[in-house]
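Worksheet for the structure shown next.
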Amino acid sequence: MSQVVTHNTSSNVAQEPPKYKQYATGWGFRFGLVAALVSIFIWASWLVSMRAGMTNTLTAFDLGLLRYSPPALLLFPFLWRARAQVKAVSPILLLGIVCGAGLPFFYLSATGLKYAPASHAGLLILGAFPFFVTMLAVLFYQEKVSRERKIGLSLVSIGVLVLLSLSLLTASENTWKGDLLLLAASFFWAVYTVSLRIAGLPPLVSTALMGLVSLIVLAFLWATGLASSGLADASWDMLAGQLVVQSLLVGLLTGFTYGYAIHKLGAENMAAIGAFTPVLAALIAIPVLGERLEGYSIVGLVLVSIGVVIASGILKSKRSF
Numbered sequence: 001m002s003q004v005v006t007h008n009t010s011s012n013v014a015q016e017p018p019k020y021k022q023y024a025t026g027w028g029f030r031f032g033l034v035a036a037l038v039s040i041f042i043w044a045s046w047l048v049s050m051r052a053g054m055t056n057t058l059t060a061f062d063l064g065l066l067r068y069s070p071p072a073l074l075l076f077p078f079l080w081r082a083r084a085q086v087k088a089v090s091p092i093l094l095l096g097i098v099c100g101a102g103l104p105f106f107y108l109s110a111t112g113l114k115y116a117p118a119s120h121a122g123l124l125i126l127g128a129f130p131f132f133v134t135m136l137a138v139l140f141y142q143e144k145v146s147r148e149r150k151i152g153l154s155l156v157s158i159g160v161l162v163l164l165s166l167s168l169l170t171a172s173e174n175t176w177k178g179d180l181l182l183l184a185a186s187f188f189w190a191v192y193t194v195s196l197r198i199a200g201l202p203p204l205v206s207t208a209l210m211g212l213v214s215l216i217v218l219a220f221l222w223a224t225g226l227a228s229s230g231l232a233d234a235s236w237d238m239l240a241g242q243l244v245v246q247s248l249l250v251g252l253l254t255g256f257t258y259g260y261a262i263h264k265l266g267a268e269n270m271a272a273i274g275a276f277t278p279v280l281a282a283l284i285a286i287p288v289l290g291e292r293l294e295g296y297s298i299v300g301l302v303l304v305s306i307g308v309v310i311a312s313g314i315l316k317s318k319r320s321f
């Protein structure tokens, strides 16, 4: 009898999915949902503030300094205490975390927002992101793509193509350049999300790591004269607003809330909730930046938002990576 029990136990252990495929239930899932909602509000505010900063005196270096300095300095104790855990993570995953949401992502999104409106940024960065997440999961982890996800991602692709093609034909000269940069930023964000999910690092630790590496690179750029700054010419109101959004909300708070939501909900559920960020960003940009939603932007927003929700599988309450 004992042999049978041992055999069954071993079989159950062998069939248990890896930690990155396990999701929270009950209150853990609810807290993850709250963290996700907080994250999308901060994302929308961040997109608008980035657009405002890049169309004024501030440079991408300035915004990056405001973004990464606080987590690098304030959260360093968490990184130091978890240094053994960080060393145990694959260097490829650490590189994905550092580059996916660090300076490469930041410079792509900041430069893209210099040319394209905030509504495009929300649509392309967060709308196309589930497509890239699925692509990475299929290529590197042999994940199967469900029928619902294929349908949803098809809608996402159509929405993105509508935006890119019509902005090329009807928008200003450089809008399409900004759109392509934002699409590249979306790929980096997908790399970050997948790497963070599999690495399993605590949210504050991964945020501190990303901030520290980014701050070191920024210091190098400044020391070698490769970066320019417009901080001296910026108004106090502009600096105060960017400090709140970039440093406190994005740099510190969302580093925790997004990481927490990913661990509790999984990438697909998080992507479904994040699908509403472009809509929120577009609505905020209307009164704050005076942006106007064009017809093709609305079509793209609707297609991408519906596509992400369908692709996530959340309508069937199916939780899968």
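Everything in the sequence shown is counted per full-length UniProt numbering, starting at 1 for the first residue and increasing by one. Quick reminder that beta carbons are idealized off the backbone N, C-alpha and C, glycines included.
Report yes if the C-beta distance between residue i and residue j is below 8 Å; otherwise report no.
i	j	result
D280	I125	Reading off the sequence shown, one finds Leu at residue 280, where the question assumed Asp. Result no, Cβ atoms of L280 and I125 do not sit closer than 8 Å.
I198	L93	yes
A35	Y192	no
I97	L249	no
P278	V299	no
F105	F31	no
G53	L37	no
From this set, the options, which residue's C-alpha is nearest residue i's C-alpha?
i	options	result
E148	T134, F78 and P287	T134
L181	V205, T57, E291 and L123	L123
R67	N269, S305, L75 and G251	G251
K87	L201, A240, I273 and Q242	L201
G102	G300, L243, E143 and A190	A190
S235	V288, V38 and L58	L58
P130	P117, L153 and W43	L153
L239	F31, S49 and G112	S49
S297	D62, L166 and G28	L166
residue 322	H120, R51, E143 and F61	Nothing can be reported for residue 322: it is not among the residues displayed for the chain, which extend from 1 to 321.
Pull up the CB-CB distance for residue i and residue j, whole angstroms please, since I reckon it's below 8 Å.
i	j	result
F78	V205	5 Å
V308	A271	6 Å
I158	I310	That belief does not hold up - the Cβ atoms of I158 and I310 are roughly 12 Å apart, past 8 Å.
Taking DSSP as the reference, what is the three-state secondary structure of residue i?
i	result
L56	The sequence shown places Asn at residue 56, not Leu. Note: N56 maps to coil in three-state DSSP.
R51	helix
F187	helix
P117	coil
Q246	helix
residue 322	Limits of the chain in this structure are 1 at one end and 321 at the other, which puts residue 322 out of reach.
T6	Because T6 carries a pLDDT of 46, less than 50, the predicted location of this residue cannot be relied on, and the following value inherits that uncertainty. Reduced to three states, the DSSP call for T6 is helix.
A275	coil
Q85	helix
A223	helix
S228	coil
N269	helix
G26	coil
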